[in-house]
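For reference, the structure discussed in these notes is given below.
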Amino acid sequence: MKPGIEESKNECAVKGPIRIVPPELLMRIFELIPEPPYHPEPPNQLSYLPASVSWTLTWICKPWQRAVNGTPSLWCNLRFPTSLSESGLTDVRYLEIANITLNRSGNHHLNFSIDLEESEISVNILLLLLRRSHQWRKVEFHGDCPSFSLTNILSPIRGNLGNLESLTISFPLRQHLDVFWDAPRLQKVDVRFHSAYDIDLPLSQLRAFTTNRLPSHSVSFLRQCTHLAEFSYVDENKPRAVGHAHDVVHLPQIRLLNVEHPSVLHCLFTPGLKELKYRLSNDADTVLNFLAISRCNLTCLGIAWTTEFLYTGALVTLLQNLPNLQHLKIYNLFEYYDDQLRVYEALRLGDGTKNLVPDLQELTLHLYDPSIFLPEDIPEGPKLFESVVLSRLGRLRRLTLMQYLRTIPPCVKNLMNAGIDVVVDWERWMELER
Numbered sequence: 001m002k003p004g005i006e007e008s009k010n011e012c013a014v015k016g017p018i019r020i021v022p023p024e025l026l027m028r029i030f031e032l033i034p035e036p037p038y039h040p041e042p043p044n045q046l047s048y049l050p051a052s053v054s055w056t057l058t059w060i061c062k063p064w065q066r067a068v069n070g071t072p073s074l075w076c077n078l079r080f081p082t083s084l085s086e087s088g089l090t091d092v093r094y095l096e097i098a099n100i101t102l103n104r105s106g107n108h109h110l111n112f113s114i115d116l117e118e119s120e121i122s123v124n125i126l127l128l129l130l131r132r133s134h135q136w137r138k139v140e141f142h143g144d145c146p147s148f149s150l151t152n153i154l155s156p157i158r159g160n161l162g163n164l165e166s167l168t169i170s171f172p173l174r175q176h177l178d179v180f181w182d183a184p185r186l187q188k189v190d191v192r193f194h195s196a197y198d199i200d201l202p203l204s205q206l207r208a209f210t211t212n213r214l215p216s217h218s219v220s221f222l223r224q225c226t227h228l229a230e231f232s233y234v235d236e237n238k239p240r241a242v243g244h245a246h247d248v249v250h251l252p253q254i255r256l257l258n259v260e261h262p263s264v265l266h267c268l269f270t271p272g273l274k275e276l277k278y279r280l281s282n283d284a285d286t287v288l289n290f291l292a293i294s295r296c297n298l299t300c301l302g303i304a305w306t307t308e309f310l311y312t313g314a315l316v317t318l319l320q321n322l323p324n325l326q327h328l329k330i331y332n333l334f335e336y337y338d339d340q341l342r343v344y345e346a347l348r349l350g351d352g353t354k355n356l357v358p359d360l361q362e363l364t365l366h367l368y369d370p371s372i373f374l375p376e377d378i379p380e381g382p383k384l385f386e387s388v389v390l391s392r393l394g395r396l397r398r399l400t401l402m403q404y405l406r407t408i409p410p411c412v413k414n415l416m417n418a419g420i421d422v423v424v425d426w427e428r429w430m431e432l433e434r
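The following block contains the structure:
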């Protein structure tokens, strides 16, 4: 063995106290720590603070406190949840902490999420953030306060959004909002709970757009989105129909399309489409006609399971006509145990017959929704793939289970031992929420 390799091996084997880790490396590690849940159990005061991870780290020891306080990048991802009164802090003290946090971020770009409520502290926090609108990069406004006039409060930031790249608004507007029109770097927008046309947006520069409502003249609206690569039209209620069969919008840049109503498919021509997510019922022909007209090479398909989708016939028909499919995602199976079994049977993965999707490389199954159930309240899923013949899995290389499992079943361990990358991820249940 060469001396250099031997030295490298010995060096990697050495273990030492964390205090010898260079501060620069330690700070990079700290940047990777995710924020905790909004309301952890048991609740703790630190979880309510903006940049709560960074505040927690400052309590560990003096050296970490100095290093964290002197690293502005650790203070740029902020979250302001609702129910701040439960934090045990007075409004004055919480506002002081918010101000300290913003000062420690220096001149770095800010990413923040704020849940607005009808309270003085909510308004004061927002006013603090408005002073730094030139630093905004990714911002989210949430809440359900019809009497709260977001329009009037945001008016001072007009023309001062030079770094804004991503905007989310799930907040009821009382009037038209036009302050985001002049945001030269804005590329990603998510607008919920009101018409997307209630907000003036630089549509021609957007790369990703999500909404649950479109204006009555939706076709002309979409025609302005000339550079759109991702479009999601989602609505928990029955979506408004979009356009007519003769109204066709050419969007050659679209790569990802997420829709819940067939009328959207009727009016779009997307030859560059690579990924489609659709709430399939018994209308596989609608999807196939859309794909044929667009002449797109679809490699990723996401199917949302519905109560109308009682049998797998439409799914089988659809998959048999997608020869280039490499990644299949199936959502909402958590409600119906029998449906899970039907899906496994329909896919025919490694059961000795020809796989339904022969070139399938990745399979994502959304089996658990933590917004509806607590993980301890539902049984573990079926013994996944317990009868598969590993040598007959074709090209499958990755399996993602959006499900809570107390233990990893032996059949899943067998898949892992066979070289399949298995991910069990119940916290990110709608990885796409897209």
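The sequence shown begins at 1 in full-length UniProt numbering and counts up one residue at a time.
Every residue gets a Cβ at the ideal spot worked out from N, C-alpha and C, and that includes glycine.
Could you pull out every unbroken beta strand (DSSP E) segment of at least 3 residues lying fully inside the stretch 83-152, listed in chain order?
110-116 and 136-143, all fully within the stretch 83-152.
Give me, in chain order, the residues of the same chain whose beta-carbon lies closer than 6 Å to that of Trp64; leave out the 5 immediate sequence neighbours on both sides.
Here residue 64 is taken as the residue at index 64 of the sequence shown, counted from 1. Excluding sequence positions up to five before and after Trp64, its CB lies within less than 6 Å of the CB of Leu57, all in the same chain and listed in chain order.
Below 8 Å on the Cβ atoms is my guess for Asp187 versus Arg213; work out the distance and round it to an integer in Å.
Along the sequence shown, read from residue 1 onward, the residue named residue 187 stands at position 187. Along the sequence shown, read from residue 1 onward, the residue named residue 213 stands at position 213. First, the amino acid is wrong: residue 187 is Gln here, not Asp. Not really, about 21 Å apart at Cβ, beyond 8 Å.
Report back the beta-carbon spacing between His327 and Cys300 to the nearest angstrom; my notes put them in contact at under 8 Å.
As a working mapping, residue 327 is identified with position 327 in the sequence shown. As a working mapping, residue 300 is identified with position 300 in the sequence shown. In this structure His327 is in contact with Cys300, their Cβ atoms being roughly 4 Å apart against a cut-off of 8 Å.
Which runs of the alpha helix (DSSP H) spanning at least 4 residues fall entirely within the stretch 241-292, listed in chain order?
As far as the stretch 241-292 is concerned, its whole alpha helix (DSSP H) runs of at least 4 residues are 262-266.
Report yes if the C-beta distance between Asp285 and Asn324 is below 8 Å; otherwise report no.
Position 285 of the sequence shown, counting from 1, holds the residue named residue 285. Position 324 of the sequence shown, counting from 1, holds the residue named residue 324. Annotated as distal: Asp285 and Asn324, with beta-carbon spacing of 8 Å or more.
Check whether the stretch 69-85 touches the stretch 103-114, counting contact only when three or more Cβ pairs, one atom from each stretch, lie closer than 8 Å.
As far as the Cβ criterion goes, the stretch 69-85 touches the stretch 103-114, which means the pair count is three or higher.
Examine the Cβ distances between the stretch 125-143 and the stretch 160-174 and report whether three or more of them are shorter than 8 Å.
At 8 Å Cβ cutoff, the stretches touch.
Less than 7 Å between C-beta atoms, sequence neighbours within five positions excluded: which residues of the same chain meet that for Leu128?
The residue you call residue 128 lines up with position 128 of the sequence shown. So the qualifying residues of the chain are Ala98, Asn99 and Leu102.
Could you check where the beta strand (DSSP E) with Ser166 kicks off and where it finishes?
To locate residue 166, count along the sequence shown from 1; it is residue 166. Residues Ser166 to Ser170.
What does the Cβ neighbour count give for Gln135, buried or exposed, with the cut at 16 atoms within 10 Å?
As a first step, residue 135 is located in the sequence shown; it is residue number 135 there, counting from the start. By the 10 Å Cβ count, Gln135 comes out buried.
Is the CB-CB distance between Leu280 and Leu222 below 8 Å?
Counted from its first residue, the sequence shown places residue 280 at position 280. Counted from its first residue, the sequence shown places residue 222 at position 222. Result no, Cβ atoms of Leu280 and Leu222 do not sit closer than 8 Å.
Evaluate residue 463 with the Cβ neighbour count: other Cβ atoms within 10 Å of its Cβ, from every protein chain shown; 16 or more gives buried, anything less gives exposed.
What is shown of the chain runs 1 to 434, which leaves residue 463 out entirely.
Close Cβ partners of Phe290 (< 6 Å) along its chain, the five nearest in sequence each way excluded
As a position in the sequence shown, residue 290 is number 290, starting the count at 1. Excluding sequence neighbours, Phe290 sits near Leu265.
Since Phe231 is in the beta strand (DSSP E), which residue starts that stretch and which ends it?
Residue mapping note: residue 231 aligns to position 231 of the sequence shown, counting from 1. Counting along the chain, the beta strand (DSSP E) containing Phe231 begins and ends at Glu230 to Tyr233.
In its own chain, which residues sit with a C-beta less than 8 Å from the C-beta of Arg137, not counting the 5 before and 5 after it?
Counting from 1 along the sequence shown, the entry for residue 137 is found at position 137. Correct list, in chain order: His109, Leu110, Asn111, Asn163, Leu164, Glu165 and Ser166.
Of the residues Leu276, Ser263 and Pro262, the one placed nearest Leu256, counting alpha carbons only:
The sequence position of residue 256 within the sequence shown is 256, counting from 1. The shortest Cα separation from Leu256 among Leu276, Ser263 and Pro262 belongs to Leu276.
Rounded C-alpha distance that separates Trp55 from Leu78
As a first step, residue 55 is located in the sequence shown; it is residue number 55 there, counting from the start. As a first step, residue 78 is located in the sequence shown; it is residue number 78 there, counting from the start. Their backbone Cα atoms lie some 11 Å apart in a straight line.
Are Ala292 and Val316 touching if we call contact CB-CB under 8 Å?
Residue numbering aside, residue 292 sits at position 292 when the sequence shown is read from its first letter. Residue numbering aside, residue 316 sits at position 316 when the sequence shown is read from its first letter. No, the pair does not count as a contact, with Cβ atoms beyond the cut-off.
Where DSSP assigns a beta bridge to Tyr331, which residues make up the other side?
Along the sequence shown, one-based indexing puts residue 331 at 331. Ala304, per the DSSP bridge assignment.
For Leu203 and Val422, the rounded distance between their alpha carbons:
Along the sequence shown, read from residue 1 onward, the residue named residue 422 stands at position 422. Along the sequence shown, read from residue 1 onward, the residue named residue 203 stands at position 203. Each residue's Cα considered, the two are about 39 Å apart.
Cys76: buried (16+ other C-beta within 10 angstroms of its C-beta) or exposed?
Residue numbering aside, residue 76 sits at position 76 when the sequence shown is read from its first letter. It is buried - the Cβ of Cys76 has at least 16 other Cβ atoms within 10 Å.
Along the chain, which unbroken stretches of the alpha helix (DSSP H) at least 4 residues long are found entirely within the stretch 49-89?
Listed in chain order, the complete alpha helix (DSSP H) runs (minimum 4 residues) inside the stretch 49-89 are 52-57 and 62-69.
What residue range does the beta strand (DSSP E) around Ala208 cover?
Here residue 208 refers to the residue found at position 208 when the sequence shown is read from its first residue. According to the DSSP assignment, Ala208 belongs to the beta strand (DSSP E) that extends over Ala208 to Thr211.
Quick check on Leu423: does DSSP put it in helix, strand or coil?
Stepping through the sequence shown from its first residue, residue 423 is reached at position 423. Checking the sequence, you will find Val at residue 423 rather than Leu. Val423: strand per DSSP, three-state reduction.
With distances taken between CB atoms, is the gap from Arg392 to Gln361 smaller than 8 Å?
For the purposes of this step, residue 392 is taken as residue 392 along the sequence shown, with counting starting at 1. For the purposes of this step, residue 361 is taken as residue 361 along the sequence shown, with counting starting at 1. No. Outside cutoff.
Could you name the residues of the same chain whose beta carbon sits closer than 8 Å to that of Glu31, not counting the 5 residues immediately before and after it, in chain order?
Position 31 of the sequence shown, counting from 1, holds the residue named residue 31. For Glu31, where only same-chain residues beyond five positions count, the Cβ hits under 8 Å are Ser73 and Leu74.
By Cβ distance below 6 Å, which residues in the same chain neighbour Asp200 in space, the five residues on each side in sequence not counted?
Within the sequence shown, residue 200 is the residue found at index 200, counting from 1. Excluding sequence neighbours, Asp200 sits near Asp178 and Trp181.
Helix, strand or coil at Ile199 [DSSP, three-state]:
The residue labelled residue 199 in the question sits at position 199 within the sequence shown. Under the three-state reduction of DSSP, Ile199 is assigned to strand.
Assumed close pair Leu288, Leu251 - CB separation to whole angstroms, cut-off 8 Å:
Taking the first residue of the sequence shown as position 1, residue 288 is located at position 288. Taking the first residue of the sequence shown as position 1, residue 251 is located at position 251. Approximately 19 Å separates the beta-carbon atoms of Leu288 and Leu251; this is outside 8 Å, ruling out the contact.
Does Leu319 come out as helix, strand or coil in the three-state DSSP assignment?
By one-based count along the sequence shown, residue 319 stands at place 319. Residue state, collapsed to three classes: helix.
Three-state class that DSSP yields for Val179 in the structure shown
As a working mapping, residue 179 is identified with position 179 in the sequence shown. Note: Val179 maps to coil in three-state DSSP.
On the CB-based measure, 16 or more other CB atoms within 10 Å of its CB, does Ala13 come out buried or exposed?
One-based indexing of the sequence shown puts residue 13 at position 13. Because Ala13 carries a pLDDT of 45, less than 50, the predicted location of this residue cannot be relied on, and the following value inherits that uncertainty. Ala13 is exposed by the Cβ-count criterion.
Can you check which of these residues, Cys225, Phe209 and Ser220, is closest to Tyr233 by C-alpha distance?
Against the sequence shown, residue 233 aligns to sequence position 233. By alpha-carbon distance to Tyr233, the top candidate from Cys225, Phe209 and Ser220 is Phe209.
Measuring alpha carbon to alpha carbon, tell me which residue in Asn258, Ile29, Arg348 and Ser119 is nearest Asp190.
Taking the first residue of the sequence shown as 1, we reach residue 190 at position 190. It is Asn258 whose Cα lies nearest to the Cα of Asp190.
Inspect the beta-carbon positions of Leu322 and Ser294 and report whether they are closer than 8 Å.
Position 322 of the sequence shown holds residue 322. Position 294 of the sequence shown holds residue 294. No, these two residues do not count as a Cβ contact at 8 Å.
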